[in-house]
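Visitor:
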Amino acid sequence: MNCLWCDTDMIPEMSWKTIFWLPKPKRLCASCADQLTILQGKRCSKCSRLSDDGICPDCRWWKLHATQEDPLICNYSVFAYNDAVKEIVSKWKYRGDYCLGNIFENDYQKAFKENFSFLSTETMTVPIPLSAERMFERGFNQAKMLADFLPLKSEELLLRSHSEKQSKKTRRERITSANPFQMATVISTPVLLVDDIYTTGTTLRHAALALKKHGCPAVYALTLIRG
Amino acid sequence: MDLTELSKRYGGKLLLRQEILIDNPLFENLLKANYFTSRPSIQSKWLHNQCQRCGNQKKSLFGKIPCHHCGKSHIYCRKCIEMGRVMTCSALYEWSGPEYFGPHHKNPCTWTGELTRAQQKAADRIVQAILNREQELLTWAVCGAGKTEMLFPGIAQALEMGQRVCIATPRSDVVRELLPRLRTAFSGICVQGLYGGSLEKDGTAQLIIATTHQLLRFKHAFDVIIIDEVDAFPYTHDPSLPFAADRAKKERCTTLYLTATPRRDQQLQMTRKKLPHVFVPVRFHGYPLPVPVFHMCYSLKKDLQKSSPPKAFFKWFANRKNQSRQLLIFVPTIKLSESLTRKLSVDLPDFKFMAVHASDHDREEKVLAFREKQFQILVTTTILERGVTFPSVDVVILDAGHTVFDEAALVQIAGRAGRSPDDPTGEVVFFHDGKTEAMIEAVRAITKMNKRGGFH
Chain W
7 MNCLWCDTDM IPEMSWKTIF WLPKPKRLCA SCADQLTILQ GKRCSKCSRL SDDGICPDCR
67 WWKLHATQED PLICNYSVFA YNDAVKEIVS KWKYRGDYCL GNIFENDYQK AFKENFSFLS
127 TETMTVPIPL SAERMFERGF NQAKMLADFL PLKSEELLLR SHSEKQSKKT RRERITSANP
187 FQMATVISTP VLLVDDIYTT GTTLRHAALA LKKHGCPAVY ALTLIRG
Chain A
109 MDLTELSKRY GGKLLLRQEI LIDNPLFENL LKANYFTSRP SIQSKWLHNQ CQRCGNQKKS
169 LFGKIPCHHC GKSHIYCRKC IEMGRVMTCS ALYEWSGPEY FGPHHKNPCT WTGELTRAQQ
229 KAADRIVQAI LNREQELLTW AVCGAGKTEM LFPGIAQALE MGQRVCIATP RSDVVRELLP
289 RLRTAFSGIC VQGLYGGSLE KDGTAQLIIA TTHQLLRFKH AFDVIIIDEV DAFPYTHDPS
349 LPFAADRAKK ERCTTLYLTA TPRRDQQLQM TRKKLPHVFV PVRFHGYPLP VPVFHMCYSL
409 KKDLQKSSPP KAFFKWFANR KNQSRQLLIF VPTIKLSESL TRKLSVDLPD FKFMAVHASD
469 HDREEKVLAF REKQFQILVT TTILERGVTF PSVDVVILDA GHTVFDEAAL VQIAGRAGRS
529 PDDPTGEVVF FHDGKTEAMI EAVRAITKMN KRGGFH
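In order, the protein sequence lines correspond to chains W and A.
Quick note on numbering: the first sequence equals residues 7 to 233 in my numbering.
Quick note on numbering: the second sequence equals residues 109 to 564 in my numbering.
Okay, structure coming up:
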């Protein structure tokens with residue numbers, strides 16, 4: 007096996023454990039894996055930001071000032087945002103190196119098992135879609151790839167109209183932007199939204215709102231990176 | 109766009125559809141009329157694939173992707189993905205319409221400097237090789253011989269004959285450094301510099317200077333191709349670069365190799381007279397190459413573990429002959445370069461330090477600031493071993509016995525000292541904890557070159 011990121015040859019460690027349990031092969035070499043930081047420690051139960059309070063000041067502010075109920079129950083993120091993860095994700099998403107998504111498979115599944123095992127088996131995962139134009143450009147949806155890692159049924163229920171990339175906007179522009187998501191069907195099961203990055207949470211809240219309007223009882227989110 | 113414009117823009121290229129900026133109906137027509145030919149982008153033989161753009165055959169550098177357009181799974185090349193994804197269902201296109209011939213320029217060279225006798229000899233040989241359309245010529249010139257200037261008469265000759273010329277170099281730093289020099293030397297001619305992140309991308313100029321990676325977009329394009337530093341790290345270790353360089357040549361193409369430190373197999377070919385070559389043993393200012401001095405330090409590894417240089421270094425530093433020179437410190441690893449800089453700025457508070465390495469985002473600015481003498485001491489890894497010139501420096505290697513410092517690297521590093529006619533000497537000190545073959549060979553090579561240059 008070669009490291010998916012730096013392509014050095016990896017020699018797997020042999021022990022009795024590897025013989026009897028046959029663990030999943032590692033995708034990254036030790037030095038590349040070191041550069042990714044898995045979020046650990048106390049965090050906001052709502053948005054997954056590292057914080058000593060149960061709910062971070064930002065989320066409390068929103069709770070006080072929001073005109074309507076928050077459509078998203080909670081978000082959980084796996085990795086912290088740093089230069090290494092940024093480079094990997096941009097090569098994966100923008101350059102289109104599809105295989106790189108597999109780097110995150112094990113940790114993403116583990117986070118799901120640890121945090122969302124309370125969800126009923128009829129819960130659906132819904133990846134945040136790309137607009138048709140962007141899909142044509144990239145050839146694949148990174149959120150769909152993440153959703154397929156999870157042991158739940160995945161449906162692409164949402165449609166997205168074309169707009170400027172979120173990553174090119176300012177915080178204010180993001181928060182005040184119009185909802186780009188539409189939906190054609192009605193849904194009655196809870197939904198776990200899947201996306202790669204949670205920055206302001208606007209995208210996820212827009213998607214959650216669209217789902218709620220069409221009958222979804224509860225919306226959660228599992229994202230890869232907390233920006 | 110008329111045909112000549114198209115042939116100028118797309119002649120000699122090998123491109124993906126999205127790199128060809130023509131709208132669909134026109135492109136279909138051109139394809140039907142055989143002005144463009146499509147080629148499969150990935151060739152599969154049994155279980156073995158080869159990317160037709162970069163030549164990659166390594167299994168781990170191919171991936172599978174479910175295709176959105178045709179609903180099937182495809183193989184794609186991960187090696188050259190930075191230049192746009194190549195996958196089985198997307199073809200590569202090359203121009204097969206009428207060939208574009210560049211204009212014949214009269215006296216294109218506007219450089220007014222003068223070549224030294226040794227340089228002139230090599231330049232004449234290069235001109236001759238281009239005139240006779242010889243296949244290959246290696247120019248072996250010591251560090252600081254003024255290789256770029258030696259090329260000018262040859263490039264001028266090729267431009268007079270209306271040929272397309274490409275200078276390929278392994279590093280983008282070198283492209284950025286050479287581009288303004290070439291623009292002033294050939295002021296009447298369109299010169300383009302191509303590297304990852306360069307603004308001009310179309311590569312239609314008659315004189316192009318590019319990183320070897322950028323050659324992946326060319327096919328049968330150049331009459332003269334000049335490969336700078338053939339022995340340098342990416343070119344010799346990455347098989348896709350010789351592959352690309354080979355494909356970028358026209359059928360009758362002159363390939364000029366430049367190097368200060370030919371590899372063993374090239375040396376062997378030269379002694380067997382299989383590879384024509386010309387040797388320039390003297391620096392342009394006429395002084396010999398500084399010969400490295402070895403300095404044994406028994407506690408070197410222990411000191412470096414504490415990321416501090418050995419005592420001998422401080423002793424040498426305090427007593428060096430010309431205190432006004434700047435200092436370049438080479439270390440084997442990135443980690444050490446950073447920790448050492450931190451430690452040194454505590455130990456020698458009177459001096460300003462910076463560290464620079466390959467994954468450093470402000471690399472260009474730091475190198476520029478050092479050249480402008482904004483700070484005295486630069487700690488670096490082997491990335492600054494070649495292609496960069498600082499007028500007046502002393503050079504130190506800490507742990508010269510480390511495996512990253514092979515013979516060529518050591519000769520190149522030693523060649524950083526004494527580059528300017530105002531200060532043609534400089535000290536080169538190798539701190540080590542045991543001589544290696546590479547170190548001995550490097551000193552032997554340097555003294556041999558000095559001898560051939562007439563210094564005894």
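Think of the CB as a built atom: it goes at the ideal place given N, C-alpha and C, for glycine as much as any other residue.
Using a cut-off of 7 Å between C-beta atoms, extract the partners of Arg225(A) located in chain W.
Guide: As a working mapping, residue 225(A) is identified with position 117 in the second sequence. By Cβ distance, chain W contributes nothing, its closest Cβ being about 48 Å from Arg225(A), past 7 Å.
Visitor: For Met141(W), which residues in chain A fall below 7 Å Cβ to Cβ?
Guide: Residue numbering aside, residue 141(W) sits at position 135 when the first sequence is read from its first letter. Here the neighbours are His176.
Visitor: Tell me whether Ala214(W) is buried or exposed, calling it buried when 16 or more other Cβ atoms sit within 10 Å of its Cβ.
Guide: As a first step, residue 214(W) is located in the first sequence; it is residue number 208 there, counting from the start. Looking at its Cβ environment, which holds 16 or more other Cβ atoms inside 10 Å, Ala214(W) is buried.
Visitor: For chain W, find out if any of its Cβ atoms is closer than 8 Å to the Cβ of Arg59(A); answer yes or no.
Guide: Beyond the ends of chain A as shown, which are 109 and 564, falls residue 59(A); an answer cannot be given.
Visitor: Quick one: what does DSSP say Cys159(A) is sitting in, helix, strand or coil?
Guide: Looking up residue 159(A) in the second sequence gives position 51. Cys159(A): strand per DSSP, three-state reduction.
Visitor: Residues of chain W with a CB under 7 Å from the CB of Glu190(A): which are they?
Guide: The residue you call residue 190(A) lines up with position 82 of the second sequence. In chain order: Arg101.
Visitor: Would Lys174(W) be called buried (16 or more neighbouring beta carbons within 10 Å of its own) or exposed?
Guide: Position 168 of the first sequence, counted from the start, is the residue given in the question as residue 174(W). The residue is exposed, with fewer than 16 neighbouring Cβ atoms inside 10 Å.
Visitor: Taking Asp514(A) as the reference, give the member of Gly526(A), Ser528(A), Thr218(A), Glu493(A) with the closest Cα.
Guide: Walking along the second sequence from the start, residue 514(A) turns up at place 406. Asp514(A) has its Cα closest to that of Glu493(A), out of Gly526(A), Ser528(A), Thr218(A), Glu493(A).
Visitor: In chain order, what residues of the segment 356 to 388 of chain A put their CB closer than 7 Å to some CB of chain W?
Guide: If the cut-off is 7 Å between Cβ atoms, the segment 356 to 388 of chain A has nothing near chain W.
Visitor: Using CA atoms only, rank isn't needed, just tell me which of Thr363(A), Gly304(A), Val390(A), Tyr118(A) is closest to Pro529(A).
Guide: Taking the first residue of the second sequence as 1, we reach residue 529(A) at position 421. The candidate whose alpha carbon is nearest that of Pro529(A) is Val390(A).
Visitor: Mind checking the segment 155 to 176 of chain A against chain W and listing, in chain order, the residues whose C-beta falls within less than 7 Å of any C-beta there?
Guide: Result list: Ser168, Leu169, Gly171, Ile173, Pro174, Cys175, His176.
Visitor: Note down, in chain order, every chain W residue with its Cβ under 8 Å from the Cβ of Pro193(A).
Guide: Stepping through the second sequence from its first residue, residue 193(A) is reached at position 85. The sequence given here has Arg at residue 193(A), not Pro. In chain order: Arg101, Gly102, Asp103, Gly145.
Visitor: In chain A, what lies closer than 9 Å to Asp202(W) by C-beta?
Guide: Taking the first sequence and counting its residues from 1, the one referred to as residue 202(W) is at position 196. Chain A residues near Asp202(W): none, gap ~17 Å exceeds 9 Å.
Visitor: Could you please give the first and the last residue of the uninterrupted beta strand (DSSP E) stretch that includes Cys361(A)?
Guide: Position 253 of the second sequence holds residue 361(A). Looking at the DSSP string, the run of the beta strand (DSSP E) that includes Cys361(A) is 357 to 367.
Visitor: Kindly list the residues whose CB is nearer than 6 Å to the CB of His321(A), restricted to its own chain and excluding five residues on each side of it in sequence; keep chain order.
Guide: Within the second sequence, residue 321(A) is the residue found at index 213, counting from 1. For His321(A), where only same-chain residues beyond five positions count, there are no Cβ hits under 6 Å.
Visitor: Report the option in Cys361(A), Asp336(A), Cys217(A) whose CA atom is closest to the CA atom of Leu349(A).
Guide: Residue 349(A) sits at position 241 when you count from the first residue of the second sequence. Selected option, being the one with the closest Cα: Asp336(A).
Visitor: Distance cutoff 8 Å, beta carbons only. Does Asn112(W) sit that close to anything in chain A?
Guide: In the first sequence, residue 112(W) corresponds to position 106, counting from 1. Output row for Asn112(W): interface = no.
Visitor: Can you confirm whether the segment 190 to 202 of chain W touches the segment 131 to 151 of chain W when touching is taken to mean that 3 or more C-beta pairs between the two stretches lie within less than 8 Å?
Guide: A contact exists between the segment 131 to 151 of chain W and the segment 190 to 202 of chain W.
Visitor: So, with DSSP's three-state summary, where would you put Cys105(W)?
Guide: For the purposes of this step, residue 105(W) is taken as residue 99 along the first sequence, with counting starting at 1. Three-state result, Cys105(W): helix.
Visitor: Taking the beta strand (DSSP E) that Asn427(A) belongs to, which residues open and close that run?
Guide: Mapped onto the second sequence, residue 427(A) falls at position 319. Element bounds for Asn427(A): n/a, residue is neither H nor E.
Visitor: Use the C-beta contact count for Gln413(A): other C-beta atoms within 10 angstroms, 16 or more gives buried, fewer gives exposed.
Guide: Indexing the second sequence from 1 puts residue 413(A) at position 305. Answer is exposed; the Cβ neighbour count stays below 16.
Visitor: Strictly below 7 Å CB to CB, what residues from chain W border Arg186(A)?
Guide: Reading the second sequence from its first residue, position 78 is the one you call residue 186(A). Under the 7 Å cutoff, chain W gives Asp103, Cys105.
Visitor: Hey, Ile189(A) and Asp103(W): beta-carbon distance below 8 Å or not?
Guide: Here residue 189(A) corresponds to residue number 81 of the second sequence, with the count starting at 1. Here residue 103(W) corresponds to residue number 97 of the first sequence, with the count starting at 1. Closer than 8 Å, so yes.
Visitor: Cα-Cα, which of Ala39(W), Glu162(W), Cys9(W) is closest to Asp113(W)?
Guide: For the purposes of this step, residue 113(W) is taken as the residue at position 107 of the first sequence. Out of Ala39(W), Glu162(W), Cys9(W), Ala39(W) has the C-alpha closest to the C-alpha of Asp113(W).
Visitor: Under 7 Å Cβ-Cβ, which residues of chain A neighbour Asp13(W)?
Guide: Working through the first sequence from its first residue, we reach residue 13(W) at position 7. Correct list: Ser168, Leu169.
Visitor: Specify the secondary structure class of Asp470(A) as computed by DSSP and reduced to three states.
Guide: Reading the second sequence from its first residue, position 362 is the one you call residue 470(A). Residue state, collapsed to three classes: coil.
Visitor: Is it buried or exposed for Gly304(A), if we count other Cβ within 10 angstroms and need 16 for buried?
Guide: Translated into the one-based positions of the second sequence, residue 304(A) becomes position 196. Gly304(A) should be labelled exposed.
Visitor: Quick one, which of Asn137(A), Glu535(A), Gln520(A), Arg471(A) has its alpha-carbon nearest Trp248(A)'s?
Guide: Taking the second sequence and counting its residues from 1, the one referred to as residue 248(A) is at position 140. Closest by alpha carbon: Gln520(A).
Visitor: Just how far apart, CA to CA, sit Arg125(A) and Leu138(A)?
Guide: Reading the second sequence from its first residue, position 17 is the one you call residue 125(A). Reading the second sequence from its first residue, position 30 is the one you call residue 138(A). When rounded, the distance between both Cα atoms is 13 Å.
Visitor: Consider the Cβ of Asn8(W): report whether some Cβ of chain A lies at a distance smaller than 8 Å.
Guide: On the first sequence, residue 8(W) is found 2 positions in, with the first residue counted as 1. Chain A, which has a Cβ nearer than 8 Å to the Cβ of Asn8(W), makes this yes.
Visitor: Once DSSP output is grouped into helix, strand and coil, what is the label at Gln498(A)?
Guide: For this step, residue 498(A) is matched to residue 390 along the second sequence. The displayed chain sequence assigns Phe, not Gln, to residue 498(A). Three-state result, Phe498(A): coil.
Visitor: Looking at the structure shown, is Asp59(W) part of a helix, part of a strand, or coil, going by DSSP?
Guide: In the first sequence, residue 59(W) corresponds to position 53, counting from 1. DSSP places Asp59(W) in coil when its eight states are reduced to three.
Visitor: For Ala525(A), name the three-state secondary structure that DSSP assigns.
Guide: Along the second sequence, one-based indexing puts residue 525(A) at 417. In the structure shown, Ala525(A) sits in coil (DSSP, three-state: anything other than H, G, I, E or B).
Visitor: Using a Cβ-Cβ cutoff of less than 7 Å, which residues in the same chain neighbour Glu257(A) once the five nearest sequence positions on both sides are dropped?
Guide: For the purposes of this step, residue 257(A) is identified with residue 149 of the second sequence, where counting begins at 1. If we look at Glu257(A) and ignore the five residues flanking it on each side, its Cβ neighbours are Gly221, Leu223, Gln227.
Visitor: Give a yes or no on contact between the segment 492 to 506 of chain A and the segment 434 to 443 of chain A, applying the rule of three or more CB pairs nearer than 8 Å.
Guide: Contact between the segment 492 to 506 of chain A and the segment 434 to 443 of chain A is present, because at least three Cβ pairs lie under 8 Å.
Visitor: Measure the C-alpha to C-alpha separation of Leu136(W) and Asp281(A) and round it to an integer number of angstroms.
Guide: For the purposes of this step, residue 136(W) is taken as residue 130 along the first sequence, with counting starting at 1. For the purposes of this step, residue 281(A) is taken as residue 173 along the second sequence, with counting starting at 1. Taking the straight line from one Cα to the other gives about 38 Å.
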